[in-house]
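Novice: Numbering (my numbering), first residue to last: 1 to 159.
For each residue, glycine too, the CB sits at the ideal point set by N, CA and C.
Note that the coordinates shown come from a computational prediction; the quantities given were computed from them, not determined experimentally.
Please see the structure below; I have some questions.
Okay, structure coming up:
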């Protein structure tokens, strides 16, 4: 030791902190983008299910034509998916409430995992359903990677 006081920077200051904050903001931005994109997707399909239910059902290998089939179709494709869209838009807007985004990300991730289970139990679906599964997995990862720690750091609160 030279007898000179060693100068240290406070934790969270300087270039390292700026780079870390930029990374956290980018992660949070990707989370919000995933939430908005998913909300738009679910909302668009839900609205289309009102306008052209037969065409939407056919895209998902379903057939409608009886009151019971229309009832179940609209319960899922219209009501539930509008609810998911609302959850995702709210989570993107209220990013500081980490639980909303985490729940939305989990919903998308579980949808993809259920598709994987279906492959194991019943065989591989067509390419469009397989690509939907990959898109859901990527989206869930984008949403969940920007979760509690990224939101806390971006807001200045401890994780």
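Restricting to Cα atoms, I'd like to know which of 145, 141, 136, 142 is closest to residue 41.
Specialist: Numbered from 1 along the chain shown, position 41 holds the residue referred to as residue 41. It is 136 whose Cα lies nearest to the Cα of residue 41.
Novice: Specify the secondary structure class of residue 52 as computed by DSSP and reduced to three states.
Specialist: Here residue 52 refers to the residue found at position 52 when the chain shown is read from its first residue. DSSP, reduced to helix, strand and coil, places residue 52 outside both helices and strands of the structure shown, so it counts as coil.
Novice: Tell me the DSSP secondary structure of residue 94 in three-state form.
Specialist: The sequence position of residue 94 within the chain shown is 94, counting from 1. In this structure, residue 94 counts as coil in the three-state DSSP scheme.
Novice: Going by C-alpha to C-alpha distance, which of 22, 82, 36 sits closest to residue 92?
Specialist: As a first step, residue 92 is located in the chain shown; it is residue number 92 there, counting from the start. Comparing Cα positions, the closest option is 36.
Novice: Find the nearest neighbour of residue 142 within the set 33, 65, 23, 22, judged by alpha-carbon distance.
Specialist: Working through the chain shown from its first residue, we reach residue 142 at position 142. Taking only the C-alpha atoms, the option nearest residue 142 is 33.
Novice: Considering Cα atoms alone, identify which of 57, 110, 113 is closest to residue 73.
Specialist: Taking the first residue of the chain shown as 1, we reach residue 73 at position 73. Closest by alpha carbon: 57.
Novice: Is it buried or exposed, residue 198, if we count other Cβ atoms within 10 angstroms and call 16 or more buried?
Specialist: With the chain covering 1 to 159 only, the question about residue 198 has no answer from this structure.
Novice: So what does DSSP say about residue 109, is it helix, strand or coil?
Specialist: One-based indexing of the chain shown puts residue 109 at position 109. Residue 109 falls in the helix class under three-state DSSP.
Novice: What distance in whole Å lies between the Cβ atoms of residue 29 and residue 89, which are believed to be in contact at a cut-off of 8 Å?
Specialist: Your numbering for residue 89 matches position 89 in the chain shown. Your numbering for residue 29 matches position 29 in the chain shown. No, residue 89 and residue 29 are not in contact; Cβ-Cβ is about 16 Å, not under 8 Å.
Novice: If you count every other CB in all the chains shown that lies within 10 Å of the CB of residue 67, and 16 or more means buried, which is it?
Specialist: Translated into positions along the chain shown, residue 67 becomes position 67. So residue 67 counts as exposed.
Novice: In three-state terms, what does DSSP make of residue 16?
Specialist: Here residue 16 corresponds to residue number 16 of the chain shown, with the count starting at 1. The predicted position of residue 16 is uncertain, since its pLDDT is 47 and thus under 50; a value taken from the coordinates is nonetheless stated next. Residue 16 falls in the helix class under three-state DSSP.
Novice: Please classify residue 76: is it buried, with 16 or more other beta-carbons within 10 angstroms of its beta-carbon, or exposed?
Specialist: Counting from 1 along the chain shown, the entry for residue 76 is found at position 76. Label assigned to residue 76: exposed.
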